[in-house]
Each structure stands twice: as structure tokens, then as C-alpha cells.
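K.L.:
In the numbering used here, each residue's number is its place in the sequence shown (first place is 1) plus 53.
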Amino acid sequence: MTKKIISIVISAYNEEGNINELYKQLLQNTKEKDCRYKYEFVFVNDGSTDKTLGKIKALQHHDSDVRIVNLKRNFGHEIAMTAGMDHALGDAVIFMDADLQHPPVYIPQMVELWTAGAEIVLSRRIDNLATGKIYNFCSAVFYKILNWLSDTKIPAKSPDFRLIDRRYVDFLKGFNEHDRLFRGLLNWIMPTDKVKVIEFIAPERFSGKSKYNFFKSFSLATDSIIQFSVRPLRLATYIGLFGVLISLVMSVYVIIEYYIIQHRTPGYATIMVTLSFLGSVILIALGIIGEYIGKIHMEVKKRPLYMADYLIVPPSKLRKSDGDGVFKRKKEAE
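1) Report yes or no: do three or more beta-carbon pairs, one from the segment 222–240 and one from the segment 153–163, lie closer than 8 Å?
2) Just the C-alpha distance for L202 and V283, rounded to the nearest angstrom, thanks.
3) Which term fits E69, buried or exposed, when burial requires 16 or more other beta carbons within 10 angstroms of its beta carbon?
4) Can you list the alpha helix (DSSP H) stretches of 4 or more residues lying completely in the segment 151–182, in chain order?
5) Once DSSP output is grouped into helix, strand and coil, what is the label at L124?
6) Using only CA atoms, which one of F96, I132, A136, L199 lies nearest to I121?
7) Note the first and the last residue of the continuous beta strand (DSSP E) segment covering N98.
8) Report yes or no: do the segment 344–361 and the segment 294–314 share at least 3 C-beta pairs separated by less than 8 Å?
9) Any idea what DSSP makes of I207, helix, strand or coil?
10) Tell me which residues share the same chain as R220 and place their Cβ nearer than 6 Å to its Cβ, disregarding the 5 neighbours each side in the sequence.
11) Would you check if there are 3 or more beta carbon pairs closer than 8 Å linking the segment 59–68 to the segment 140–155?
12) Between N82, I342, V250, I242, which has its C-alpha nearest K279's C-alpha?
13) Relative to the alpha-carbon of D276, which residue among I346, G137, K247 has its alpha-carbon at the smallest distance?
14) So, does the segment 83–95 touch the segment 160–173, judging by three or more C-beta pairs under 8 Å?
15) Determine whether the beta carbon atoms of V174 and K108 lie at a separation below 7 Å.
16) Is D232 helix, strand or coil when you go by DSSP?
17) Rounded to whole angstroms, what is the Cα-Cα separation between A145 and P285?
18) Does the distance from the CB of A169 to the CB of K247 come in under 7 Å?
19) With a threshold of 7 Å on Cβ separation, who are the neighbours of K348 within its own chain once the five nearest residues in sequence on each side are excluded?
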């Protein structure tokens with residue numbers, strides 16, 4: 054009887070100090086512990102400039118279950134996970150980062166829930182030892198705003214560390230948008246049943262520093278809101294209508310004061326405040342519209358989501374369809 058395959062997709066960007074320890078922990082919690090399934094490790098090198106790729110190649114040299122997708126440049130975390138998903142062979146796919154803040158020790162728990170019938174196993178971070186209170190507070194505020202603006206509800210403290218059944222992996226592969234929030238897309242298609250959640254504590258990074266600074270986090274936040282909601286556009290309209298209402302009230306007040314009370318108040322300060330307010334509203338509205346137009350501009354170009362410089366796959370792992378896909382990607386990269 055052929056064993057089912059579980060693919061573990063690991064996105065890595067400049068993680069040379071974490072690769073060996075990650076692989077060690079992966080082995081301890083998969084192949085060395087569970088013989089029911091066949092495990093493959095799909096490492097996605099997201100344009101690393103350090104020795105990350107060399108470390109992964111060394112792993113593959115003695116483990117044929119290690120597969121490598123080497124992206125031509127840094128495409129970002131969301132696209133890296135998509136590339137790994139596209140080339141994963143498993144009946145279930147587990148997504149995780151290479152910084153060891155998604156502890157492999159929780160993988161057996163995910164697999165057990167999937168074996169019991171769950172089609173999606175999410176994770177919920179109950180504590181993050183690597184971030185401070187300010188970051189956690191800002192993260193909580195972001196999710197509240199996102200869920201208020203969007204029809205697609207995304208749970209807070211729910212990272213990309215998750216297991217997805219092949220059926221939903223195939224659904225996700227049908228999405229073609231360039232700018233994407235992986236966890237948002239999953240929540241958009243996620244069933245109401247057969248979903249389980251595990252809780253975990255995120256440790257500090259084993260090595261290196263986080264690649265997400267304030268500006269990258271802010272950019273991800275704004276992109277996420279724009280991808281899943283048009284309410285910011287409506288909000289700009291509502292603010293504009295509110296401004297019109299205020300202007301009408303002020304106009305009535307000025308008319309009453311001038312013609313009935315017959316009192317003339319110097320209007321320089323009022324005019325400047327009003328102009329500043331209206332100018333700010335206009336600029337905010339233009340900025341919101343510009344963000345949406347920019348996303349449309351990127352989408353209509355229909356560029357490839359990513360380009361793999363080359364795919365390193367052990368010959369024994371290639372199915373016929375996979376081989377065709379590898380050559381196609383190579384050709385595109387050239």
C-alpha cells in the first residue's frame with residue numbers, strides 16, 4: 054500500500070543560521086517519529102543573499118526527500134509560500150517559516166488532527182516571546198481594523214503555520230492575483246466544518262533578525278485591507294459627504310450671522326481651518342483611490358507570480374507532470 058505524502062513547505066530568506074537546526078527538528082518530529090506517512094521537505098529559497106541555498110543543497114545531498122525551489126529574486130513571503138505550494142506533491146501541505154518561530158514540535162499534533170478528518174488545521178499563537186507589547190498591541194489593532202473593513206474575517210494571532218488538505222491546496226492554486234495575503238485567501242474558501250485549531254507559543258528566533266521592520270509591516274497591513282475590501286473607498290465617500298454636511302451647516306451659520314445678527318466675524322482663521330480640513334480629506338481620498346488603481350495596474354499586466362532560476366528536485370521524486378512543469382519554469386526563467 055502506497056503511503057500518503059505530507060509536504061512541509063518552508064520559506065527561507067537569509068536564514069543560513071537556522072537551516073540545519075530546523076532540519077534536525079523536522080526529522081525528529083516527522084520521519085523519525087511517524088512511519089504512517091511519507092514526508093517531503095520543500096524549501097523555497099526566496100532570493101537569499103547569504104549561504105541559505107548552500108545549506109539546503111547540503112541537506113539534499115544526503116536526503117532525497119528534500120526538494121528545493123530557488124526563486125530568481127526576493128519575491129516576498131506570500132509568493133514564496135505560493136511557489137512551494139505549486140511544487141508540493143503531498144496529500145496534505147504544512148506551511149511554516151524557516152526561523153523556528155513555527156516550532157516543528159507541533160507538526161505531529163497537526164497530522165493527528167488531519168488523520169482524524171480535519172481538512173484544515175490552523176494555529177493560534179498564544180504568546181510570542183520574540184516581540185514586545187507594543188508590537189502585539191499594534192497587531193491586535195490591525196486585525197480589528199481589517200476584520201471591520203473586510204467581509205473575509207481573519208483571526209488574530211493566526212500565522213501562516215498551518216496544515217491544508219490537498220483539496221483546498223488545489224482551490225488555492227486557482228487564485229491568480231499577484232498581491233496576496235495567503236491566510237486571507239484560505240479564510241475566503243475555508244469550510245465552516247472540518248477546521249481545527251492548535252495553540253502554540255512562538256519562541257525567539259534561533260538565529261538572525263526578523264526581516265519585517267515597521268515599514269514592511271505597515272505595507273503588509275495596507276495591502277491586506279485593500280485586497281479584501283472596498284470599504285476604504287466607501288469610507289472616503291462618507292467622509293466627503295460629512296464634509297459637505299459640515300460646509301452646509303457653516304454656510305447657514307454665516308448667512309444667519311451676517312443677515313440676521315448683522316455681526317461680521319473675521320473669517321481668516323475659519324477659512325484656513327476649513328481649507329486645511331478639506332485639503333486633507335481630498336488627499337486621503339486620492340491616496341486610497343491611488344492604492345486601488347496601483348493594484349489594478351499590477352494585476353492587468355498579468356506577469357508571472359514568480360520565476361524560479363532553477364528547481365532542484367531529486368530525479369526519483371519527479372512525476373511526469375512535475376517534470377513538464379520544471380522544464381516550463383526553466384524556460385520562463387531563461
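Cβ coordinates follow ideal geometry from the N, Cα and C atoms, glycine included.
Bear in mind that the values here come from a model prediction, so they are computed numbers and not experimental data.
P.N.:
To lay it out plainly:
1) no
2) The sequence position of residue 202 within the sequence shown is 149, counting from 1. The sequence position of residue 283 within the sequence shown is 230, counting from 1. Roughly 8 Å separates the two Cα atoms.
3) Looking up residue 69 in the sequence shown gives position 16. Around the beta carbon of E69, 16 or more other beta carbons lie within 10 angstroms, which makes this residue buried.
4) 160–168
5) Counting from one through the sequence shown, the residue named residue 124 turns up at place 71. Residue state, collapsed to three classes: strand.
6) Start at 1 with the first residue of the sequence shown, and residue 121 comes out as number 68. Selected option, being the one with the closest Cα: F96.
7) What you label residue 98 is simply residue 45 of the sequence shown in a count that begins at 1. Unbroken beta strand (DSSP E) run through N98: 91–98.
8) No, because fewer than three Cβ pairs between the segment 344–361 and the segment 294–314 fall closer than 8 Å, the two stretches do not touch.
9) Within the sequence shown, numbered from 1, the residue matching residue 207 stands at position 154. Note: I207 maps to coil in three-state DSSP.
10) One-based indexing of the sequence shown puts residue 220 at position 167. Excluding positions up to five away in sequence, the list is empty.
11) yes
12) Taking the first residue of the sequence shown as position 1, residue 279 is located at position 226. Rather than Lys, the amino acid found at residue 279 in this sequence is Ile. Selected option, being the one with the closest Cα: I342.
13) As a working note, residue 276 is residue 223 in the sequence shown. Per the Cα distances, I346.
14) yes
15) The residue you call residue 174 lines up with position 121 of the sequence shown. The residue you call residue 108 lines up with position 55 of the sequence shown. Not closer than 7 Å, so no.
16) In the sequence shown, residue 232 corresponds to position 179, counting from 1. Correct three-state label for D232: coil.
17) One-based indexing of the sequence shown puts residue 145 at position 92. One-based indexing of the sequence shown puts residue 285 at position 232. So the alpha carbons of these two residues sit roughly 36 Å apart.
18) The residue you call residue 169 lines up with position 116 of the sequence shown. The residue you call residue 247 lines up with position 194 of the sequence shown. Contact: no.
19) Here residue 348 refers to the residue found at position 295 when the sequence shown is read from its first residue. Contacts found: D232, I279.
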